[in-house]
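A.B. asks: Handing you a structure now.
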Amino acid sequence: MWAALLTLVLVFAVFSAGHAMLYKRDPRSAFGWLVTCLALPIAGTLLYWAFGVNRIRIRAQRLRRQWPIGEGTAGNSNGPERFLAQSDHLPKEYRPLIRISDAVTRRPLLRGNRVEPLVNGDQAYPAMLEAIGQAQTSVHLSTYIFQNDGLGKQFVEAFRAARNRGVEVLVLVDWLGEFYSRPRIGREFLDGSVSFARFLPSSWFHPNLHLNLRNHRKLLVVDGELGFTGGLNIGERYLVHDPAEPRGIRDLHFRVQGPVVAQMAEAFWEDWTFASDEKSGRELPQPKASSGDFLCRAVSAGPNEDFEKLNWILGAAISTAHHRIAIMTPYFVPNRELVGSMRSAALRGVRVELILPETNNIPPVAWATQAMLWELVETGVRVFYQPGPFVHTKLFLVDEHYAQIGSANLDPRSLRLNFEFNLEVYSPAFVEQLLLHFDSVRDASQEMTLAILDGRPIQTRLRDSFAKLFSPYL
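Here the sequence shown is numbered in numbering that gives the first Met the number 0, starting from 0 and rising by one per residue.
Dropping the structure here:
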């Protein structure tokens with residue numbers, strides 16, 4: 000009997016190790032689970048099936064099959080063909096990048112858009128509240144953090160007022176992100192006045208074993224015609240000029256008009272049907288023209304996807320660069336492929352600049368970042384530390400035409416674990432505007448040189464190198 004039981008345990012351990020080798024994308028993760036299953040046949044195998052299997056991807060793909068987006072909506076052609084960017088609208092040198100994005104996003108590049116930067120919550124929140132106040136048919140919000148503070152309550156009241164006018168209001172908040180303030184914002188919606196859902200909730204009775212897989216997207220879509228996206232959550236700490244918040248967080252958000260808003264609406268609806276009880280399909284908004292001439296495409300990425308969209312698109316954009324790459328991000332722990340692409344670009348003469356916050360709200364991430372900066376600096380990448388307050392801005396700019404904006408950081412969570420939403424924008428005027436902002440920040444920042452990095456005390460370098468060992472999990 001014991002021999003049969005032992006054989007069964009060993010067979011299951013080998014089966015689990017084989018499953019990890021077949022289905023884990025990251026070879027380090029696959030190897031780690033293989034060793035765990037074989038070295039600890041009982042405990043390791045149980046741990047693998049409890050924490051190592053990405054059920055989110057399975058569930059999301061099953062839901063997508065159950066809820067096919069209707070013909071003629073944003074899910075396939077993204078609306079009338081007159082909005083599709085034709086070859087004569089595309090800068091020739093970017094066509095390989097455009098083809099890669101076409102393939103991995105399965106969304107077309109659309110023309111006729113306008114995108115306007117909004118600096119910090121001081122500009123973004125009034126514009127968002129005004130849009131909610133003028134809504135005629137629908138207001139759809141998806142956010143990671145929705146703080147229950149004075150500003151959060153302003154949004155709650157704006158939602159209620161819109162609902163009282165007969166506007167459909169849907170609010171989706173990440174379950175873990177909701178804990179950033181107490182009491183949680185969900186209590187404000189208990190009266191049922193506004194439809195509210197939590198993304199991947201957990202409880203004692205229904206535990207969620209995938210706490211790492213979060214919805215980090217920031218989307219507001221009003222009437223299917225006006226969108227907002229970027230790095231801003233909802234909270235007073237993003238009001239930099241508020242005297243009551245001396246440690247305010249600096250960030251950029253963006254107001255979006257034009258056909259690409261239909262793609263933003265599609266991304267919201269995929270999240271909403273995943274998180275809420277509403278499982279039936281509905282017609283998505285048809286793309287509408289604006290007075291702009293930007294070429295735009297939505298990039299919604301997550302662990303439920305077949306491709307690592309952000310890694311592939313960012314890598315392709317770096318390889319496309321001829322003159323300049325400008326990157327601003329609060330968390331910089333990229334994979335080896337992106338680091339190699341940045342180094343290669345610098346070595347072939349591209350001006351590569353990276354701006355990071357001098358003070359980081361997650362110290363282990365900052366330590367791991369410092370441990371890898373020398374690789375970039377020694378090949379000509381210029382790295383700058385921006386003085387506080389903490390900077391949460393995400394910008395990725397290539398040459399004079401290409402920008403990628405949105406919620407994603409350059410760290411393992413955004414690139415592999417989180418559900419993220421970015422926007423590709425092709426527009427010389429828009430990129431020039433963002434480069435002016437980038438350059439002004441760079442000029443007020445301190446450049447990190449090899450002498451500074453090598454001059455760190457040995458205990459600091461050991462700490463940073465130790466943190467780097469855990470970079471795939473930060």
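From the three backbone atoms N, C-alpha and C, an ideal C-beta is built for every residue, glycine too.
Does the distance from the C-beta atom of residue 363 to that of residue 466 stay below 7 Å?
C.D. replies: As a first step, residue 363 must be located in the sequence shown, where it is residue number 364. As a first step, residue 466 must be located in the sequence shown, where it is residue number 467. Cβ atoms of residue 363 and residue 466: closer than 7 Å.
A.B. asks: I need the straight-line Cα distance from residue 293 to residue 184, nearest angstrom please.
C.D. replies: The residue you call residue 293 lines up with position 294 of the sequence shown. The residue you call residue 184 lines up with position 185 of the sequence shown. Residue 293 and residue 184: Cα-Cα distance of roughly 36 Å.
A.B. asks: Can you tell which of 461, 321, 450 has the C-alpha that lies nearest to the C-alpha of residue 91?
C.D. replies: Indexing the sequence shown from 1 puts residue 91 at position 92. The option with the nearest alpha carbon to residue 91 is 321.
A.B. asks: Once DSSP output is grouped into helix, strand and coil, what is the label at residue 226?
C.D. replies: For the purposes of this step, residue 226 is taken as the residue at position 227 of the sequence shown. Looking at residue 226 - three-state DSSP - the assignment turns out to be strand.
A.B. asks: Identify whether residue 357 lies in helix, strand or coil by the three-state DSSP scheme.
C.D. replies: In the sequence shown, counting from the first residue as 1, residue 357 sits at position 358. Looking at residue 357 - three-state DSSP - the assignment turns out to be coil, as it is neither helix nor strand.
A.B. asks: Name the residue from 449, 1, 40, 349 whose alpha carbon lies nearest to the alpha carbon of residue 9.
C.D. replies: Reading the sequence shown from its first residue, position 10 is the one you call residue 9. The candidate whose alpha carbon is nearest that of residue 9 is 40.
A.B. asks: Compare the beta carbon distance of residue 385 and residue 357 with 7 Å and say whether it is the shorter of the two.
C.D. replies: Numbered from its first residue, the sequence shown carries residue 385 at position 386. Numbered from its first residue, the sequence shown carries residue 357 at position 358. It is a contact, given that the beta carbons lie within the stated cut-off.
A.B. asks: Pull up the distance between the alpha-carbon of residue 166 and that of residue 131, whole angstroms please.
C.D. replies: Taking the first residue of the sequence shown as 1, we reach residue 166 at position 167. Taking the first residue of the sequence shown as 1, we reach residue 131 at position 132. Taking the straight line joining both Cα atoms gives about 10 Å.
A.B. asks: Residue 293 bridges to which residues according to DSSP?
C.D. replies: Here residue 293 refers to the residue found at position 294 when the sequence shown is read from its first residue. According to DSSP, which records beta bridges pairwise, residue 293 is partnered with 112.
A.B. asks: Could you tell me which whole alpha helix (DSSP H) segments of length 4 or greater appear in the region 423–465?
C.D. replies: 427–442, 449–453
A.B. asks: Cα separation between residue 451 and residue 418?
C.D. replies: On the sequence shown, position 452 is the one that residue 451 refers to. On the sequence shown, position 419 is the one that residue 418 refers to. Taking the straight line from one Cα to the other gives about 36 Å.
A.B. asks: What is the DSSP secondary structure of residue 317, counted as helix, strand or coil?
C.D. replies: The count along the sequence shown starts at 1 and reaches residue 317 at position 318. In the three-state DSSP reduction, residue 317 falls in the helix class (H, G or I).
A.B. asks: How close, in whole Å, do the beta carbons of residue 169 and residue 215 come, if the pair is a contact with beta carbons under 8 Å?
C.D. replies: Here residue 169 refers to the residue found at position 170 of the sequence shown. Here residue 215 refers to the residue found at position 216 of the sequence shown. That belief does not hold up - the Cβ atoms of residue 169 and residue 215 are roughly 18 Å apart, past 8 Å.
A.B. asks: Mind listing, in chain order, the continuous beta strand (DSSP E) runs of no fewer than 3 residues lying wholly within the region 231–285?
C.D. replies: Counting whole runs of 3 or more residues, the region 231–285 contains the beta strand (DSSP E) stretches 251–256.
A.B. asks: Any idea if residue 147 is buried or exposed, counting beta-carbon neighbours within 10 angstroms, 16 or more meaning buried?
C.D. replies: For the purposes of this step, residue 147 is identified with residue 148 of the sequence shown, where counting begins at 1. Buried is the call here.
A.B. asks: Could you pull out every residue in the same chain whose Cβ sits closer than 6 Å to the Cβ of residue 36, ignoring the five residues on either side in sequence?
C.D. replies: Along the sequence shown, one-based indexing puts residue 36 at 37. Here the set comprises 12, 15, 16, 43, 44, 47.
A.B. asks: Please state the DSSP three-state secondary structure of residue 156.
C.D. replies: What you label residue 156 is simply residue 157 of the sequence shown in a count that begins at 1. Residue 156: helix per DSSP, three-state reduction.
A.B. asks: For residue 184, does the three-state DSSP call read helix, strand or coil?
C.D. replies: The residue labelled residue 184 in the question sits at position 185 within the sequence shown. Helix, per DSSP.
A.B. asks: Can you name the start and end residues of the beta strand (DSSP E) that residue 83 belongs to?
C.D. replies: Your numbering for residue 83 matches position 84 in the sequence shown. The continuous stretches of beta strand (DSSP E) do not include residue 83, and DSSP gives it neither H nor E.
A.B. asks: Between the Cα of residue 310 and those of 153, 413, 21, spot the shortest distance and give me the residue it belongs to.
C.D. replies: For the purposes of this step, residue 310 is taken as residue 311 along the sequence shown, with counting starting at 1. With distances taken between Cα atoms, residue 310 lies closest to 413.
A.B. asks: Find the nearest neighbour of residue 392 within the set 257, 408, 181, judged by alpha-carbon distance.
C.D. replies: Residue mapping note: residue 392 aligns to position 393 of the sequence shown, counting from 1. Comparing Cα positions, the closest option is 408.
A.B. asks: Starting from residue 139, trace the beta strand (DSSP E) in both directions and tell me its first and last residue.
C.D. replies: Taking the first residue of the sequence shown as position 1, residue 139 is located at position 140. Run containing residue 139: 137–142, per the beta strand (DSSP E) assignment.
A.B. asks: Use the C-beta contact count for residue 301: other C-beta atoms within 10 angstroms, 16 or more gives buried, fewer gives exposed.
C.D. replies: For the purposes of this step, residue 301 is taken as the residue at position 302 of the sequence shown. With 16 or more Cβ atoms within 10 Å of its Cβ, residue 301 is classed as buried.
A.B. asks: Taking the DSSP output, what are the residues bridged to residue 214?
C.D. replies: Here residue 214 refers to the residue found at position 215 when the sequence shown is read from its first residue. Beta-bridge pairing links residue 214 to 418.
A.B. asks: Excluding the five sequence neighbours on either side, which residues of its own chain have a C-beta within less than 7 Å of the C-beta of residue 464, listed in chain order?
C.D. replies: As a working note, residue 464 is residue 465 in the sequence shown. Here the set comprises 370.
A.B. asks: How is the alpha helix (DSSP H) around residue 124 delimited, first residue to last?
C.D. replies: Position 125 of the sequence shown, counted from the start, is the residue given in the question as residue 124. Segment 119–132, the alpha helix (DSSP H) holding residue 124.
A.B. asks: Return helix, strand or coil for residue 330, following the three-state DSSP convention.
C.D. replies: As a working note, residue 330 is residue 331 in the sequence shown. In the structure shown, residue 330 sits in coil (DSSP, three-state: anything other than H, G, I, E or B).
A.B. asks: Rounding to the nearest angstrom, what Cα-Cα distance links residue 260 and residue 233 in this structure?
C.D. replies: Locating residue 260 in the sequence shown gives position 261, where the first residue counts as 1. Locating residue 233 in the sequence shown gives position 234, where the first residue counts as 1. Between residue 260 and residue 233, the C-alpha separation is close to 20 Å.
A.B. asks: Any idea what DSSP makes of residue 46, helix, strand or coil?
C.D. replies: For this step, residue 46 is matched to residue 47 along the sequence shown. It is helical.
A.B. asks: Please classify residue 19: does DSSP put it in a helix, a strand, or coil?
C.D. replies: Here residue 19 refers to the residue found at position 20 of the sequence shown. In the structure shown, residue 19 sits in a helix (DSSP, three-state: H, G or I).
A.B. asks: Hey, residue 218 and residue 228: beta-carbon distance below 7 Å or not?
C.D. replies: On the sequence shown, position 219 is the one that residue 218 refers to. On the sequence shown, position 229 is the one that residue 228 refers to. Yes, the Cβ-Cβ distance between residue 218 and residue 228 is below 7 Å.
A.B. asks: Okay, do the region 102–112 and the region 250–260 touch, 3+ Cβ pairs below 8 Å being the bar?
C.D. replies: yes
A.B. asks: Around the C-beta of residue 340, are 16 or more other C-beta atoms found within 10 angstroms, so that it is buried, or is it exposed?
C.D. replies: By 1-based counting over the sequence shown, the position of residue 340 is 341. Looking at its Cβ environment, which holds 16 or more other Cβ atoms inside 10 Å, residue 340 is buried.
A.B. asks: Does the separation of the CB atoms of residue 380 and residue 345 fall below 7 Å?
C.D. replies: Position 381 of the sequence shown, counting from 1, holds the residue named residue 380. Position 346 of the sequence shown, counting from 1, holds the residue named residue 345. The answer is yes: Cβ separation under 7 Å.
A.B. asks: Am I right that residue 26 and residue 432 are in contact with their C-beta atoms under 8 Å? What's the rounded C-beta distance?
C.D. replies: By one-based count along the sequence shown, residue 26 stands at place 27. By one-based count along the sequence shown, residue 432 stands at place 433. 41 Å between Cβ atoms; not a contact.
A.B. asks: Determine whether the beta carbon atoms of residue 264 and residue 220 lie at a separation below 7 Å.
C.D. replies: Counted from its first residue, the sequence shown places residue 264 at position 265. Counted from its first residue, the sequence shown places residue 220 at position 221. The Cβ atoms of residue 264 and residue 220 lie closer than 7 Å to each other.
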